[in-house]
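One structure is given here, and the rest of the page talks about it.
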Amino acid sequence: MTRRLSIAGLMVAMFLGARGPASLARGDGFNDAVRTIEQFYHVKHQNIPFLARAGMKAVGTAARIKGGDYKRLAEAGSVRVVFFEDQNFDSHGQIASFKAALQNTLGAEWSPLVQTLAPRDEEQNYIYVSAAGTKFYVLVVTIERHEATVVQATVAPQVLADLMKDPGEMGKTLREDATINDN
Amino acid sequence: MKTLFQTSWKLAPVLLLMLFGTAVTTRAQGARLQLDQLDALANKASETVDVRLDEHLLQTTAKFFSGKEPGDVDVREVLKGLKGIYVKSFSFEKAGEYSQAEIESVMSQLRGAGWSKIVAIMSRKEGENVEVYLNTAGDLVNGLVVLSIDPKEFTVVNIVGPIDLEKLSKLEGQFGVPELGIEKGKTKKKE
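Going down the list, the sequences are from chains A and B.
First residue of the first sequence: 114, per my numbering; consecutive thereafter.
First residue of the second sequence: 859, per my numbering; consecutive thereafter.
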């Protein structure tokens, strides 16, 4: 009986193994994305002392710390933001390599939704989505020549549905909602 | 050893079921083109847009198009049953920055079983060469591909699932599907 169970277990393990480790292990997309940017561009993110579990209030706090004009992220359950400012983001003509590196780091559980690249201006926008129970994690990576932002927000499906109508604007909308305060 | 064979035999139906499931999924995804080989063009293009909306995302969000806004009901009906919307678009500063090999890597897939080109498609955009291909099995449409080929622009739109030109027009300008300017009602299928 034990042997039969072992064989059955082995077969199940082989089946699950064939699906790849990414479907079993859940990584932290936010930190992975930040680390990939730092390694590829040799830059360091600025630490903003918050983890916006309380959502809007914490984003507001971060806004005040940063001294800018910020707006809350409507409908978000949680928001995480990292800024890179006054640094050099030069891909040296290898922008596609960064795209591939980011995808490899995030793994299969993060689905690439929209990616826009403009190598001449070193502009890149990436939006990834991952299931979060009944909601979705949305990861937005925005890179320009001298600055970058990584935002991860939890959004309800109806919010995602609205944003999906115009995927090209989705990243901009989420990034601005997470980092601009209209108070 | 005998136990191993006995157990394997008993597990055979389970394994067959798993294989059958894989085959069904493969067939459903048969209208999905392999487009990752085009990613290298991003280094040469002045602008690249890559949109991937998979079945889970489409079906989870489709029900939230509840009719509050004009066109919501139409969009929900179009999205129903779709298994994916994939768009890759490359713009170049100068003509000739992408090669025939890149186009061929897509065209060769469209010469495969199930694909047929819809001829007499006209684009309202001057000078733009737009080709539309349908993947069918009998009367069932499995998917559609729109190729927009211009000396300075190369766009591939791949919609997987039941779709036709009328439905496609409702998606233009939304969900990453560009404004293709396809004239409807002037189509015939090339065998």
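Using N, Cα and C, we set each Cβ at its ideal position, and we do this for glycine too.
Return the bridge partner residues of residue i from the DSSP annotation.
i          : result
Gly-942(B) : Asp-912(B) and Val-1018(B)
Tyr-250(A) : Ser-243(A) and Thr-267(A)
Asn-987(B) : Ile-1007(B)
Ser-949(B) : Glu-905(B) and Glu-1011(B)
Ala-995(B) : Leu-998(B)
Ile-76(A)  : Look at the range of chain A in this structure, 114 to 296, and you will see that residue 76(A) is not part of it.
Lys-975(B) : Tyr-991(B)
Pro-225(A) : Tyr-241(A)
How many Å lie between residue i and residue j at the Cα?
i           : j           : result
Arg-185(A)  : Gln-967(B)  : Note that Arg-185(A) has pLDDT 36, beneath the 50 cutoff, so the model's placement of it is unreliable and no number is given.
Ala-138(A)  : Ile-976(B)  : Only weak support is given to the placement of Ala-138(A): the predicted model assigns it a pLDDT of 39, under 50, and the value that follows is read from those uncertain coordinates. The straight-line gap from Cα to Cα measures roughly 44 Å.
Leu-998(B)  : Gln-895(B)  : 29 Å
Val-1018(B) : Val-251(A)  : 23 Å
Asn-901(B)  : Thr-994(B)  : 35 Å
Asp-1022(B) : Val-1035(B) : 14 Å
Asp-932(B)  : Gln-200(A)  : 46 Å
Trp-973(B)  : Gln-892(B)  : 14 Å
Met-277(A)  : Ile-150(A)  : 25 Å
Asn-987(B)  : Glu-1011(B) : 10 Å
Asn-144(A)  : Leu-1002(B) : 37 Å
Gly-888(B)  : Arg-969(B)  : 13 Å
Lys-1048(B) : Leu-1038(B) : The predicted model places Lys-1048(B) with a pLDDT of 46, which falls under 50 and marks its position as unreliable; any figure quoted below should be read in that light. Each residue's Cα considered, the two are about 21 Å apart.
Tyr-241(A)  : Val-195(A)  : 16 Å
Ser-947(B)  : Leu-273(A)  : 23 Å
Ala-245(A)  : Gln-917(B)  : 16 Å
Phe-922(B)  : Pro-270(A)  : 7 Å
Arg-258(A)  : Asn-1000(B) : 42 Å
Thinking C-alpha only, which one of the options is nearest residue i?
i           : options                                              : result
Val-907(B)  : Asp-199(A), Pro-232(A), Val-156(A) and Val-194(A)    : Pro-232(A)
Ser-963(B)  : Leu-899(B), Pro-1036(B), Gln-1032(B) and Glu-1037(B) : Leu-899(B)
Leu-911(B)  : Glu-1037(B), Ser-1027(B) and Val-1015(B)             : Val-1015(B)
Tyr-991(B)  : Leu-916(B), Ala-971(B), Gln-958(B) and Ala-953(B)    : Ala-971(B)
Ile-961(B)  : Asp-1008(B), Leu-1002(B) and Gly-942(B)              : Asp-1008(B)
Ser-1065(B) : Arg-934(B), Val-945(B) and Ala-959(B)                : Residue 1065(B) lies beyond the range of chain B shown here (859 to 1049); nothing can be said about it.
Val-268(A)  : Thr-286(A), Glu-257(A), Thr-255(A) and Ser-210(A)    : Thr-286(A)
His-914(B)  : Pro-280(A), Ser-224(A), Val-254(A) and Glu-257(A)    : Ser-224(A)
Gly-996(B)  : Glu-989(B), Arg-890(B) and Pro-1020(B)               : Pro-1020(B)
Gln-152(A)  : Ala-214(A), Ala-244(A) and Glu-257(A)                : Ala-214(A)
Ala-953(B)  : Lys-1028(B), Ser-924(B), Ser-904(B) and Glu-1024(B)  : Ser-904(B)
Glu-935(B)  : Gln-1032(B), Glu-951(B), Ala-959(B) and Ala-920(B)   : Ala-920(B)
What residues from chain B crowd round residue i, counting only those whose CB sits closer than 7 Å?
i          : result
Ile-208(A) : Ala-900 and Asn-901
Arg-233(A) : Ser-904
Ala-274(A) : Thr-919, Phe-922 and Phe-923
Gln-298(A) : Nothing can be reported for residue 298(A): it is not among the residues displayed for chain A, which extend from 114 to 296.
What does residue i touch in chain A if you count any residue whose Cβ is under 7 Å from its own?
i          : result
Thr-994(B) : Going along chain A, no residue has its Cβ under 7 Å from Thr-994(B), so there is no contact; the nearest lies around 27 Å.
Ile-906(B) : Going by the sequence as given, residue 906(B) is Thr instead of Ile. Neighbours of Thr-906(B) on chain A, chain order: Thr-229 and Leu-230.
Val-990(B) : Under the 7 Å cutoff, chain A gives no residues; its nearest Cβ is about 22 Å from Val-990(B).
Closer than 9 Å by beta-carbon distance: list the chain A residues that pair up with residue i, in chain order.
i           : result
Gly-1034(B) : Leu-226, Val-227, Met-277, Asp-279, Pro-280 and Gly-281
Determine the chain B residues that contact residue i at a beta-carbon separation under 8 Å, and present them in chain order.
i          : result
Val-242(A) : Leu-915
Lys-212(A) : Asp-897 and Ala-900
Gln-152(A) : Under the 8 Å cutoff, chain B gives no residues; its nearest Cβ is about 19 Å from Gln-152(A).
Whose Cβ in chain D lies nearer than 7 Å to the Cβ of residue i?
i          : result
Asp-912(B) : Absent from the structure: chain D. Protein chains present are A and B.
Please list the partners that residue i has in chain A, where partner means a Cβ-to-Cβ separation under 8 Å.
i          : result
Val-936(B) : What Val-936(B) touches in chain A: nothing, since even the nearest Cβ is about 12 Å away.
Nearer than 8 Å: is that true of the beta carbon of residue i relative to any heavy atom of the ligand PLP?
i           : result
Gly-1019(B) : What this structure holds is no ligand at all, so the ligand PLP is not there to describe.
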